[in-house]
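**Student:** Quick note, the sequences are listed as chains A and B, same order. Per this note's numbering, the very first residue in the first sequence carries number 1; after that it's consecutive. Per this note's numbering, the very first residue in the second sequence carries number 1001; after that it's consecutive. Just so you know, even glycine gets a beta-carbon here, dropped at the ideal spot from N, CA and C. Note that the structure is predicted; figures quoted are calculated from it, not measured. Can you keep this structure in mind? I'll have questions shortly.
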Amino acid sequence: MGNEAIGLGAIAAGVGVVTGYPGTPSSEILPTVSKRSPGGIHVEWSVNEKVALEVAAGAAMAGARSMVTMKQVGLNVAADPLMSLAYLGVKGGMVVVVADDPGPISSQTEQDTRTFSLFAKLPVFDPATPEEAYEMIIDAFALSERHGTPVLFRPTTRVCHGNAPVRVREELAERPVPNFVKDPKWVIFPRLSYENHLRLEALLPRIGEEFSAYRFNTLIGSGRLGLVTQGISTGYLGEALAILAEGANQSPEHKLLRLGAPHPFPKRLALEFLTGLERVLVVEELDPFIERELQRLAGEYHLPVTVLGKGSGHVQVAGENSVAAVTRVVADFFGLEPPVSPTCADIVATVAADQALGTVPTASSATPMADSVAVVPPNPHLIEPPPRPPVLCSGCSHRSSFLAVKLAMRRRKAVFGGDIGCYTLGNAKPLDMVDTCLCMGAGITIAQGLHLVEPDKVHFAFIGDSTFFHTGIPGVINAVYNQTNIVLVVLDNSTTAMTGLQPHPGTGDTLKGDISPKIDIAGLLRAIGVKHVEACDPMRFEEAKAAVDRAVAAAATGVAAIIYESPCIHLIPSGPSYVIEEEACKCKLCITRLGCPAILLDDGKVVIDDDLCYGCDVCLQLCPFDAIKIVGAEAQAEVAG
Amino acid sequence: MSGAMNFIIAGVGGQGIVLAAKLVARAAMAAGLQVRTSETIGMAQRGGSVVSHVRVSKLPIASPLVPPGRADALLGFEPGEAVRCLSYLRPGGIIIANAHPVAPVSAALNQQSYRGEEMLARLGQCGARLVVVDGDALCAEVGSPQVLNVALIGAAAGAGALGFSVEQLEDAIRASVREKFIAMNIRALHAGANAGANAGASAGASAGASAGANVSGSTSVTTVNQLGLQVAP
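Structure follows, in structure tokens:
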């Protein structure tokens, strides 16, 4: 996997300290370093990305090589130290790995870390494959150390979660023993910042010159047309050209520029590319980063070349690229007809259309209909698969927590603030319990803003345990300090579930498996000054509901908090099997309220799918007709009796 | 691309699709082939649609994603998810489909029963060779619902859809699975392979009697373990 390649590359480069906060698609890098470390590498899940970056910066100031990993939105959290560190610099090589997520597949934004590199005045590497990521991160450490500047490393989801055989190096880099040397250069002051700003502005063109000769910045071909690409789009473009070559028309002669290190911009290489060209097409994810740089360069040197891409409307401005989309735009650019690849979906559509017209008999039209063209009989072949968005797992305690609050607050005015984690999925029907979601930790603070302007409503803020430690705590302090009386609901499932069950300060263990002091959320909230703090098990449904009533009453005079404590199902064994007695089943409340993936409708009958059921008993507690029973309970009772 | 095979493995988060893709990739690597795969990891794994792309070739592979219409085999761990991925499959390709549907929450909420048969019927009309496998029965035979992924990979190998032998996949299991689960997974692999091989042997006999007779590109439907699949005449 690309992320494993990055971890292994960092080990080969002699990394000494690795920190990070989990976030798709970056989460597998750190565990790889931890698992494959030859010894002597400190690896930690830090509390958040800002903390992680600062810890790594400290190590690099002493001369160790360090790496910090995060997803693209994590870089926003870490922006403060990063912007200043660019001015201060480092002694040991330091690589900030920021995984971008075109699509986005599991993120809030489609921000482009290459654009961030421009803003932060830092070099950036942009690998195209897992193999390249391995080699490139070793280069990144070397460049960082050579120039005393942290560097950004920006893989995208398809590189992070793509797999390919990677040849790893046998020898690991030898590293000097770290030694922090006291020096005024480590203390940022306005005067120093001015001087360092001058230094940075002089350094960037020098690195740009280096990048013009960098092994992953390549220029091939000739002609008056040019193609430019980067990252995973390099592969899409290569495949698109191969597909076009299968067609009748051969692609015209062209130059191909591929930039694996786009900032500082390799100006000399780009000029060599642009010279003699009439038209250029840039295919990249996500911002038109190279496109703008080329346009600027063409303007600066008065080159008679037209640069096409996102800005000109030729390439999609949002979402991830694909071979199919790139084939279309390149064919258009070359004036070729893209070859048509028929698919099985096309054939099904043709059959379905024929059946709708009555030209092909259907399963349900064994008795011919009089007017079969006008009245299309219900046809199983026309049924599309129903949508399947991600859902809270069966047995997930979040479902029970949300429903407890929802039922307790019926007929009362309330707004339910959500946050980032599995529990964001509480927005789906039938729970429909996430009214806001912005970024990590923001549920708590947005609730305060809402409450200030509508104090007659009850404002809830749901936050997971890992997110609470990440950026939730300052928001709670703010609420207590400013006396904005929200109801905080910490959904404590003892793990960072969404990103793959990473430990955090509340779990009592670390990435390395060491036992660590377990930070007590209830005690912390009391210390902050939250007067009403109540912990309870959300799987005991009535108790969970009663806790809501008490918290809402307490919120009349101060910030109130409920901590719903129940481990993620991925940490506990499954429970007994349940069955629904058909005669007793009357209301379908379990379906209309819970939305559990294990409760299904079969010919109008409510049934529990034993393979999908995890054996929590929340549906049983909810059923007003006692229709849900433990399998084998009667037999057990008889034996006991 | 000479010697190139493209696979799509589609199903529902939690069905073990990532491991299935890894096994195929490892078997290909052991056979000295180039491999690229791409996974769905993260949010979608919570019961959402999951698709893995696996590409193998004697020559270098440009990208990890299978372009539309270029998959040679579609492994559907869930019938509806296989239908959702038909745009990847080339006409004349092969589908290994698990018969057992997993109903999405949206179906029950909209007061609908979700039936695998309807989805399987669609798979039978797409111009591909369809092998339907009773994944539940295979899991029951092996004694664990956890082995569905390996059983279906076995079925694909048995039906000749992968281009790898069962022995090559056995080695991949030994390299990928924790020690105590190896024996069980190898049993699942063989159970699946037998089911897939039987399906392959009877495929010719049932071709022409199936929905595929009306479709360009011959479609054959094979049922395994007396599933009794009803397909449109």
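If you compare alpha carbons, which of 1161(B), 1159(B) and 1150(B) is closest to residue 1171(B)?
**Tutor:** Against the second sequence, residue 1171(B) aligns to sequence position 171. Comparing Cα-Cα distances from residue 1171(B) to each of 1161(B), 1159(B) and 1150(B), the minimum goes to 1150(B).
**Student:** With distance defined between alpha-carbon atoms, name the residue in 612(A), 623(A), 616(A) and 563(A) nearest to residue 592(A).
**Tutor:** If you number the first sequence from 1, residue 592(A) lands on position 592. Among 612(A), 623(A), 616(A) and 563(A), the Cα nearest to that of residue 592(A) is on 623(A).
**Student:** Quick one: is residue 134(A) buried, meaning 16 or more other Cβ sit within 10 Å of its Cβ, or exposed?
**Tutor:** Looking up residue 134(A) in the first sequence gives position 134. Flag for residue 134(A) reads buried.
**Student:** Taking only the alpha-carbon atoms, compute the straight-line gap between residue 1006(B) and residue 1027(B) and give it to the nearest angstrom.
**Tutor:** Start at 1 with the first residue of the second sequence, and residue 1006(B) comes out as number 6. Start at 1 with the first residue of the second sequence, and residue 1027(B) comes out as number 27. Cα-Cα distance, rounded: 14 Å.
**Student:** Would you mind sorting residue 451(A) into buried or exposed? The rule is 16 or more other CB atoms within 10 Å of its CB.
**Tutor:** Translated into positions along the first sequence, residue 451(A) becomes position 451. So residue 451(A) counts as buried.
**Student:** Within the continuous alpha helix (DSSP H) that includes residue 301(A), where are the two ends?
**Tutor:** Within the first sequence, residue 301(A) is the residue found at index 301, counting from 1. Neither: residue 301(A) is in no alpha helix (DSSP H) and is coded neither H nor E.
**Student:** Looking only at DSSP bridge pairs, what is residue 1098(B) linked to?
**Tutor:** For the purposes of this step, residue 1098(B) is identified with residue 98 of the second sequence, where counting begins at 1. According to DSSP, residue 1098(B) bridges with 1133(B).
**Student:** Measuring straight from C-alpha to C-alpha, what distance separates residue 271(A) and residue 211(A)?
**Tutor:** The residue given as residue 271(A) occupies position 271 in the first sequence. The residue given as residue 211(A) occupies position 211 in the first sequence. Their Cα atoms are separated by approximately 13 Å.
**Student:** Examine chain B for any beta-carbon lying closer than 8 Å to the beta-carbon of residue 413(A), and answer yes or no.
**Tutor:** For this step, residue 413(A) is matched to residue 413 along the first sequence. So, not an interface residue.
**Student:** Any C-beta of chain B sitting closer than 8 Å to the C-beta of residue 332(A)?
**Tutor:** Reading the first sequence from its first residue, position 332 is the one you call residue 332(A). No, no contact with chain B.
**Student:** Is residue 1097(B) near residue 1138(B), with beta carbons less than 8 Å apart?
**Tutor:** Here the question's residue 1097(B) lines up with position 97 in the second sequence. Here the question's residue 1138(B) lines up with position 138 in the second sequence. Their beta carbons are not under 8 Å apart, which means residue 1097(B) does not touch residue 1138(B) by this criterion.
**Student:** Would you identify the three-state DSSP class for residue 71(A), choosing helix, strand or coil?
**Tutor:** Start at 1 with the first residue of the first sequence, and residue 71(A) comes out as number 71. DSSP places residue 71(A) in strand when its eight states are reduced to three.
**Student:** Are the beta-carbon atoms belonging to residue 473(A) and residue 492(A) less than 8 Å from one another?
**Tutor:** Numbered from 1 along the first sequence, position 473 holds the residue referred to as residue 473(A). Numbered from 1 along the first sequence, position 492 holds the residue referred to as residue 492(A). Contact: no.
**Student:** From residue 160(A) to residue 177(A), what distance separates their C-alpha atoms?
**Tutor:** As a position in the first sequence, residue 160(A) is number 160, starting the count at 1. As a position in the first sequence, residue 177(A) is number 177, starting the count at 1. Roughly 31 Å separates the two Cα atoms.
**Student:** Exposed or buried, which one is residue 72(A) when buried takes at least 16 other CB atoms within 10 Å?
**Tutor:** Translated into positions along the first sequence, residue 72(A) becomes position 72. Counting Cβ neighbours within 10 Å, residue 72(A) comes out buried, since at least 16 surround it.
**Student:** Determine contact between the segment 1130-1146 of chain B and the segment 1190-1198 of chain B, defined as no fewer than three beta-carbon pairs at a distance below 8 Å.
**Tutor:** Because the criterion of three Cβ pairs below 8 Å is met, the segment 1130-1146 of chain B and the segment 1190-1198 of chain B touch.
**Student:** Taking only the alpha-carbon atoms, compute the straight-line gap between residue 627(A) and residue 390(A) and give it to the nearest angstrom.
**Tutor:** The residue labelled residue 627(A) in the question sits at position 627 within the first sequence. The residue labelled residue 390(A) in the question sits at position 390 within the first sequence. Roughly 28 Å separates the two Cα atoms.
**Student:** Skipping 5 residues on each side, what residues in its chain have a beta carbon closer than 7 Å to that of residue 307(A)?
**Tutor:** Here residue 307(A) refers to the residue found at position 307 of the first sequence. These residues qualify, in order along the chain: 280, 282, 291, 294, 295 and 298.
**Student:** Quick check: the segment 1051-1069 of chain B against the segment 1025-1041 of chain B, are there 3 or more CB pairs under 8 Å?
**Tutor:** Cβ pair count under 8 Å is three or more, so yes.
**Student:** List the endpoints of the continuous beta strand (DSSP E) containing residue 459(A).
**Tutor:** As a position in the first sequence, residue 459(A) is number 459, starting the count at 1. Its beta strand (DSSP E) spans residues 458-464.
**Student:** Note down, in chain order, every chain A residue with its Cβ under 7 Å from the Cβ of residue 1103(B).
**Tutor:** As a working mapping, residue 1103(B) is identified with position 103 in the second sequence. Residues of chain A passing the Cβ test: 600.
**Student:** What runs of the beta strand (DSSP E), each 3 residues or longer, lie entirely inside the segment 494-578 of chain A?
**Tutor:** The segment 494-578 of chain A contains these whole beta strand (DSSP E) runs: 532-536 and 560-565.
**Student:** So which of 533(A), 302(A), 405(A) and 438(A) has the shortest CA-CA distance to residue 545(A)?
**Tutor:** By one-based count along the first sequence, residue 545(A) stands at place 545. Closest by alpha carbon: 405(A).
**Student:** Under the three-state reduction of DSSP, which class applies to residue 1034(B): helix, strand or coil?
**Tutor:** On the second sequence, position 34 is the one that residue 1034(B) refers to. Strand.
**Student:** By how many angstroms is the C-alpha of residue 1088(B) removed from the C-alpha of residue 416(A)?
**Tutor:** Within the first sequence, numbered from 1, the residue matching residue 416(A) stands at position 416. Within the second sequence, numbered from 1, the residue matching residue 1088(B) stands at position 88. Roughly 41 Å between the two C-alpha positions.
**Student:** Per DSSP, residue 197(A) is paired with what?
**Tutor:** Numbered from its first residue, the first sequence carries residue 197(A) at position 197. Beta-bridge pairing links residue 197(A) to no other residue.
**Student:** Can you check DSSP and say which residues form a bridge with residue 629(A)?
**Tutor:** What you label residue 629(A) is simply residue 629 of the first sequence in a count that begins at 1. Residue 629(A) pairs with 579(A).
**Student:** Take the Cβ of residue 285(A) as the centre, count every other Cβ of all protein chains shown within 10 Å, and call the residue buried at 16 or more, exposed below.
**Tutor:** As a working mapping, residue 285(A) is identified with position 285 in the first sequence. Burial call: buried.
**Student:** Just to confirm my understanding: we take residue 157(A), look at its own chain, exclude 5 residues before and 5 after, and list those with CB closer than 6 Å. What are they?
**Tutor:** Reading the first sequence from its first residue, position 157 is the one you call residue 157(A). Taken in chain order, the residues that qualify are 25, 101 and 105.
**Student:** What do you reckon, are the CB atoms on residue 122(A) and residue 78(A) nearer than 8 Å?
**Tutor:** Locating residue 122(A) in the first sequence gives position 122, where the first residue counts as 1. Locating residue 78(A) in the first sequence gives position 78, where the first residue counts as 1. Result no, Cβ atoms of residue 122(A) and residue 78(A) do not sit closer than 8 Å.
**Student:** Between which two residues does the alpha helix (DSSP H) harbouring residue 686(A) extend?
**Tutor:** The structure shown does not extend to residue 686(A), since chain A is modelled only from 1 through 641, so no value can be given for it.
**Student:** Name the chain B residues whose beta carbon is nearer than 8 Å to that of residue 50(A)?
**Tutor:** For the purposes of this step, residue 50(A) is identified with residue 50 of the first sequence, where counting begins at 1. The premise fails here: residue 50(A) is roughly 22 Å from chain B at the closest Cβ pair, so nothing lies under 8 Å.
**Student:** Contact check, residue 229(A) vs residue 258(A) under 8 Å by CB: the rounded distance?
**Tutor:** Counting from one through the first sequence, the residue named residue 229(A) turns up at place 229. Counting from one through the first sequence, the residue named residue 258(A) turns up at place 258. Correct: roughly 5 Å between the Cβ atoms.
**Student:** Can a CB atom of chain A be found closer than 8 Å to the CB of residue 1112(B)?
**Tutor:** Locating residue 1112(B) in the second sequence gives position 112, where the first residue counts as 1. So yes, residue 1112(B) belongs to the interface.
**Student:** Distance cutoff 8 Å, beta carbons only. Does residue 1036(B) sit that close to anything in chain A?
**Tutor:** By one-based count along the second sequence, residue 1036(B) stands at place 36. So yes, residue 1036(B) belongs to the interface.
**Student:** In three-state DSSP terms, what is residue 440(A)?
**Tutor:** To locate residue 440(A), count along the first sequence from 1; it is residue 440. Reduced to three states, the DSSP call for residue 440(A) is coil.
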